[in-house]
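In this text, residue positions in the sequence shown follow our numbering: the first is 563, and each later residue adds one. All C-beta atoms in this analysis are idealised placements derived from N, C-alpha and C, irrespective of residue type, glycine included.
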Amino acid sequence: MDKWNYSIFFQEALSQIKESYIQEGKAKEFDMWFSFEYHDSTENSITIMVPSNFFKDQLISRGYIALLEQKLEELSGKQITIEFFIQAKKEENIQSHNLTNDIKIE
563 MDKWNYSIFF QEALSQIKES YIQEGKAKEF DMWFSFEYHD STENSITIMV PSNFFKDQLI
623 SRGYIALLEQ KLEELSGKQI TIEFFIQAKK EENIQSHNLT NDIKIE
């Protein structure tokens, strides 16, 4: 079984899309919506890691996934679809730690 790795195409596609957004004065939009990570790939797909179903739905409805798939096809010559792996970001529970330190038992 062959292992497909499209991470180079993925990174180049993001780089070119970012450059386009910067030229259009939309760098903050790029930073907000293209903050997902490459997770894995198969022969015809790339799986990206996103924090929630809501984020995934927004990427699709706003056309960002179609744009990425189009750029990937330009670069690789293959039609590569984007799939999703939902992984919530882990946050440090600093606030909870501070609250327990403030509790006084009398």
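What's the C-alpha gap between residue i and residue j?
i	j	result
K633	S582	12 Å
E591	G639	27 Å
I584	D593	10 Å
A589	E574	17 Å
G587	R624	18 Å
Using a threshold of 8 Å, state whether the C-beta atoms of residue i and residue j are closer than that.
i	j	result
N615	T643	no
I610	F646	yes
Q641	P613	no
I579	L637	no
F572	Y600	yes
Taking residue i as the reference, which of the options has the closest Cα?
i	options	result
S603	A650, Q649, Y568, G625	Y568
K598	E635, I627, W566	As written in the sequence, residue 598 is Phe, which differs from the Lys given in the question. Out of E635, I627, W566, I627 has the C-alpha closest to the C-alpha of F598.
Less than 8 Å between the CB atoms is what I'm expecting for residue i and residue j, so what's the real figure, rounded?
i	j	result
L576	W595	Incorrect: roughly 11 Å between the Cβ atoms, too far for contact.
Tell me the start and end of each unbroken alpha helix (DSSP H) in the segment 584-634 that is at least 4 residues and wholly inside, in chain order.
Here the runs fully enclosed are 589-595, 615-623.
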